[in-house]
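Note sheet for the following structure.
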Amino acid sequence: MSFKIYNSLSRKKEEFKPLHEGFIGIYVCGPTVYSDVHLGNVRTFISFDLITRYMRHLGYKVRYVRNITDVGHLEGDADTGAEDKIGKKARLEQLEPMEIVERYTLGFHDVMRMFNVLPPNIEPRATGHLIEQIETVKEILKRGYAYEVNGSVYFDTLKYAEETGKYGELSGRKIEELIALSREDLKNQDEKRHPSDFAIWIKADPSHLMRWPSPWSVGFPGWHLECSVMSTKYLGETFDIHGGGSDLKFPHHENEIAQNYGACGHAPARYWMHTNMLLMNGRKMSKSDGNTITPLELISGNSPHISKGYHPMVIRFFMLQSHYRSTLDLSDEALQAAEKGFKRLMEARRHLLDMKHPGRGEKGELDSEINRLLDQVYEEMSDDFNAPKALARLFELVNRINALKGGQASFEQLTPETFQRLQQTFPAFISDVLGLEDPTDKGGSGQAELLHKLIELLIELRQKARQEKNWAMSDFIRDALKNMGVTLKDSKDGTEWVLE
RNA sequence: GGUCGGGUGGCCGAGCGGUUAGGCAGAGGUCUGCAAAACCUCGUACGGCGGUUCGAAUCCGCUCCCGACCUCCA
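If you count the first sequence from 1, position 140 lands on 421 in this note's numbering, and the numbers rise without skipping.
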């Protein structure tokens, strides 16, 4: 099955055509590991997790590369004279830069695991590719798209712009505007020929903790360089998709394209995908101005912005309810609504898995509805990964599943084949594509099994009490369990329980 | 100031020329010892003002708000 992608470069939805039939190469800009990941990161990586999961689900062999930035990302607004983020943190905490990198990389992986984000196939680090980066700088110099000044090397944006007319193509900027609006107070601006030029190798002053020898100086690579170099190394000079947060369009991705042109004469990726921002209180979540909540705070509830903690799967579900290209405004109220919706979805999934088709059924209206809805789930996802629409169809299926379970709908209207399709596709889509796992599915540990049996025993005792019309005892058991977080639900074929 | 993207029913959030989005909350009903759950029914919403059209939330113009990027952030 084919699918469509909104290409940020053309600003249009395009039919996706892979470079090599059946294979997809995708590169996504990963985090700079100088502090805990924030939720905005999580949303971006959940979005790309959804996208790569779906591509795999459709049968593509995907190579997903997502880097770790562990050098070269500077604070402040200059290419030089500013401090490296990781270097700064290391200085403040009196640790080795690599201790900082290690700590936050591990923390990042923990958070990704909690949200059931699958690891990329390759997760390269900038510091692991110094040799390749230096080689690329040499190549760009050799081809004449960069120049050296006092041990630093700058990319010649003007030359690139004049030659291709493409500088600013991705972000919708014009180089004349970039000239006019560049800030006056850039340090070392006199080293640059043009204000929009950017450093690809930066000479380090002696206080700089992270520096490496190079033909030009003891220094470090410019931030944008690593992505050009590592994407080329692992995916080739041209690959299918490049992704990242929309705030990376400029200057990061624009400069990346320029560098690739400088190094090999053409742009790296054919499709560019950008995820939109996560907002809180109507404003972008930002590390720098405090309008933020960390993933762990959101899970624990330890934040003034929320009334309680939310399960990571609830948060993931909440994020999937909006399209990746739309902004999403986080609020406590919206999360509570998501929590209930998520439970409803997962409960239906459990019920469906427990159901059996009696064996006889006709192609009734229900049959065609279910087939139609299942088809639509895929159509929606294939239209630029429209998870919210796919979820809407899934919820219509929830309705049908519950009706079958509750007896309001009959299996007689449903062929065994269609039921089988539903029973396979519905749960598979939820877990494989949406990456939503049932928190009540605790596997088969001995403890969990004991718990199950004890609850079943209490339900049996309550059943006896009910038969004897001993409502006091019956309600006592129900209320006591409720207080422990176990909700009982009576239906005509017995009592079920859910662990909250 | 420049560039881009938004303003959708109580809340979140799809849709982007004609069809019910969906979730949560709310109202009524069925079922039930009661409750919960489930099922059925119920909302005619698209910032404002004009215009195009047989028909606009969806296209065009003006206008008012909001946000992002332009400077480190996904």
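Here a beta-carbon is modelled for each residue, glycine too, at the ideal position from N, C-alpha and C.
Item, Value
"Kindly indicate which three-state DSSP category N288 falls into: helix, strand or coil?", "strand"
"Please classify N680: does DSSP put it in a helix, a strand, or coil?", "helix"
"By alpha-carbon positions, which one of E377, E443 and L506 ends up nearest to L355?", "L506"
"Determine the closest residue to S603 out of L579, H523, M662 and E578, with distance taken between C-alpha atoms.", "M662"
"Going by DSSP in three states, T519 sits in which element: helix, strand or coil?", "coil"
"Hey, how far is the Cα of R474 from the Cα of A668?", "46 Å"
"Return the CA-CA distance between L387 and G311, expressed in angstroms with no decimal places.", "14 Å"
"Under 8 Å between the Cβ atoms of L609 and K530?", "no"
"Please determine, among G453, T417 and R454, the residue with the shortest C-alpha to C-alpha distance to F436.", "T417"
"If you scan the segment 560-637 from start to end, which runs of the alpha helix (DSSP H) of 4 or more residues do you find wholly inside it?", "576-581, 593-601 and 613-635"
"Compute the distance between the beta-carbons of E677 and L654, then report whether it is under 8 Å.", "yes"
"Could you tell me if R464 is buried or exposed, where buried requires 16 or more neighbouring beta carbons within 10 angstroms of its beta carbon?", "Per-residue confidence for R464 stands at a pLDDT of 42, beneath the threshold of 50, marking its modelled position as unreliable; the derived number appears in the next sentence. Flag for R464 reads exposed."
"Might you give, ordered along the chain, the residues of its own chain that have their beta carbon closer than 6 Å to the beta carbon of E537, omitting 5 neighbours on each side?", "H505, C508 and S509"
"Check whether the segment 309-326 and the segment 548-568 touch, using three or more Cβ-Cβ pairs below 8 Å as the test.", "yes"
"If you follow the alpha helix (DSSP H) that L647 is part of, which residue opens it and which one closes it?", "E646 to S663"
"Per DSSP, E296 forms a beta bridge with which residues?", "K285"
"Tell whether a beta-carbon distance below 8 Å holds between M282 and Y659.", "yes"
"May I have the straight-line CA-CA distance separating W752 from A746, to the nearest angstrom?", "7 Å"
"From N583 to K298, what does the alpha carbon distance come to, in whole angstroms?", "45 Å"
"Note down, one range per segment and in chain order, each alpha helix (DSSP H) of at least 4 residues found wholly within the segment 305-389.", "320-338 and 366-374"
"Pick helix, strand or coil for W752, following the three-state DSSP scheme.", "helix"
"Out of F284, S512, F520 and S433, which one is the CA nearest neighbour of D478?", "S433"
"Can you give me the C-alpha to C-alpha distance between V595 and E444, rounded to a whole angstrom?", "50 Å"
"Beta-carbon within less than 8 Å of E404's beta-carbon, same chain only, minus the 5 sequence neighbours each way: which residues are those?", "G311, V346, R347, N348 and I349"
"In angstroms with no decimal places, state the Cα-to-Cα distance between S691 and D635.", "16 Å"
"Does the pairing of the segment 540-547 with the segment 419-432 give three or more beta-carbon distances under 8 Å?", "yes"
"Would you mind working out which of D613, F710, L331 and V352 sits nearest G563, comparing C-alpha positions?", "D613"
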